[in-house]
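Okay, so the sequence shown: first residue is 16 according to my numbering, each after it adds one. Ideal placement from N, C-alpha and C gives every residue a C-beta, glycine not left out. Please read the structure below before turning to the comments.
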Amino acid sequence: RLYNIPEAPPIENKFHVVGQGINNDLFYPRKKDGNKMSGHSNRRSLIYVGKLSNSKGVPQLLEAFEEVIQEVPYDCHLYLAGSGQGPEKEAIVREAERHPDRIHILGQLSQEDLAAYFRTSDIFVLPSFYDSLPKVLFESMACGCRAIITDLPGIRESVETGLGPISSISYLPRPQMRTIDKPEESALPEFVQELKERIKAQFTAHHEEDLSEKIQKEYGKNGLFRKYLTLYRSFLKKP
């Protein structure tokens with residue numbers, strides 16, 4: 016679907032997608048003791064994890080966030096975790112430095128530190144134009160984050176196959192693309208506007224579902240081993 020290749024005839028029972036597991040010794044929810052960041056009900060925080068590059072939609076995230084902080088009454092903070100290189104990263108850093116009290120560049124984090132930031136963040140956001148199913152999505156939600164991710168081919172299906180429909184994930188429509196990872200320039204204003212509105216909506220959303228236990232059961236180490244064991248047993252039964 017991603018490359019617009021016509022669908023081939025289905026190949027039954029030839030491929031089995033187990034998925035990536037998460038380390039549930041590290042990625043688990045914080046105690047339920049009030050607002051996530053610092054006990055202040057007025058604070059809202061987003062975290063992005065990935066490469067600081069244009070194909071990940073980071074410039075559009077910064078643009079949307081800059082509009083959000085002008086329109087909402089909350090003390091909003093955006094955390095950027097990850098590395099990058101070259102002119103794209105430099106431009107992103109320069110833009111982030113325009114709001115040093117609101118946008119925080121964390122660099123490359125250890126798994127322990129990443130989990131800690133997830134537990135103190137409200138929303139995980141990944142506005143990529145091109146990506147596979149990101150394990151970091153499940154890691155963030157295991158820590159109690161809501162999520163905003165681009166509705167790329169295969170991601171929603173993969174999530175809902177394991178977890179069912181999830182109201183705490185907001186799927187961002189993918190803009191019209193010029194190449195595999197470069198959107199049409201004319202489509203970017205609408206993409207930024209849509210991202211801004213979804214951030215604002217997630218700030219005020221009240222989701223009753225607690226997915227952390229379900230995610231740990233499905234994608235934690237025990238869940239992953241259980242999937243492999245089920246597959247191995249099914250292979251042994253075949254002639």
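(request) Drop a sphere of 10 angstroms on the beta-carbon of Gln35, count the other beta-carbons inside from all chains shown, and report buried for 16 or more, exposed for fewer. (result) Under this definition Gln35 is an exposed residue.
(request) Let me know the alpha helix (DSSP H) ranges lying completely inside the segment 146-173, each 4 residues or longer, listed in chain order. (result) If one requires a minimum length of 4 residues, the alpha helix (DSSP H) runs lying completely within the segment 146-173 are 150-157, in chain order.
(request) Compare the Cα-Cα distances from Val140 to each of Asn69, Tyr243, Leu93 and Arg134 and report the closest residue. (result) Val140 has its Cα closest to that of Leu93, out of Asn69, Tyr243, Leu93 and Arg134.
(message) Classify Asp9: buried if its beta carbon has 16 or more other beta carbons within 10 angstroms, exposed otherwise.
(response) In this structure the chain extends from 16 to 254, so residue 9 is not present and cannot be described.
(request) Hey, could you find the ends of the alpha helix (DSSP H) Gly36 is sitting in? (result) Counting along the chain, no alpha helix (DSSP H) covers Gly36, and no H or E run does either.
(request) Find the nearest neighbour of Ala96 within the set Phe240, Gly159, Leu61 and Gly169, judged by alpha-carbon distance. (result) Distance check between Ala96 and each of Phe240, Gly159, Leu61 and Gly169 places Leu61 closest, using alpha-carbon atoms only.
(message) Determine whether the beta carbon atoms of Cys91 and Phe133 lie at a separation below 8 angstroms.
(response) Their beta carbons are not under 8 angstroms apart, which means Cys91 does not touch Phe133 by this criterion.
(message) Going by C-alpha to C-alpha distance, which of Leu239, Lys232 and Lys211 sits closest to Val87?
(response) Here the closest residue by C-alpha is Lys211.
(request) Return the CA-CA distance between Ile37 and Phe218, expressed in angstroms with no decimal places. (result) A straight-line Cα-Cα distance of about 26 angstroms links Ile37 and Phe218.
(request) Within 10 angstroms of the Cβ of Gly101, are there 16 or more other Cβ atoms? Answer buried if so, exposed if not. (result) When all chains shown are included, Gly101 counts as exposed.
(message) Check this for me: beta carbons of Arg185 and Ile163, under 8 angstroms apart or not?
(response) Looking at the sequence provided, one finds Ser at residue 185 rather than Arg. Cβ atoms of Ser185 and Ile163: closer than 8 angstroms.
(message) For a test of the three-state rule: what should DSSP assign to Pro204, helix, strand or coil?
(response) Under the three-state reduction of DSSP, Pro204 is assigned to helix.
(message) Determine whether the beta carbon atoms of Ser155 and Gly122 lie at a separation below 8 angstroms.
(response) Contact flag unset, no.
(request) Using the Cα positions of Arg113 and Arg241, report the straight-line distance between them to the nearest angstrom. (result) Computed Cα separation, rounded: 48 angstroms.
(message) Quick check: the Cα distance between Glu199 and Gly72, rounded to an integer number of angstroms?
(response) Each residue's Cα considered, the two are about 13 angstroms apart.
(request) Use the C-beta contact count for Arg213: other C-beta atoms within 10 angstroms, 16 or more gives buried, fewer gives exposed. (result) Arg213 comes out buried.
(request) Please confirm whether any heavy atom of the ligand MN lies closer than 7 angstroms to the CB of Gly122. (result) Among the components modelled here there is no ligand, and therefore nothing to report on the ligand MN.
(request) Spell out the partners DSSP gives Arg58 in its beta bridges. (result) The partner list for Arg58 (beta bridge, DSSP) reads Asp90.
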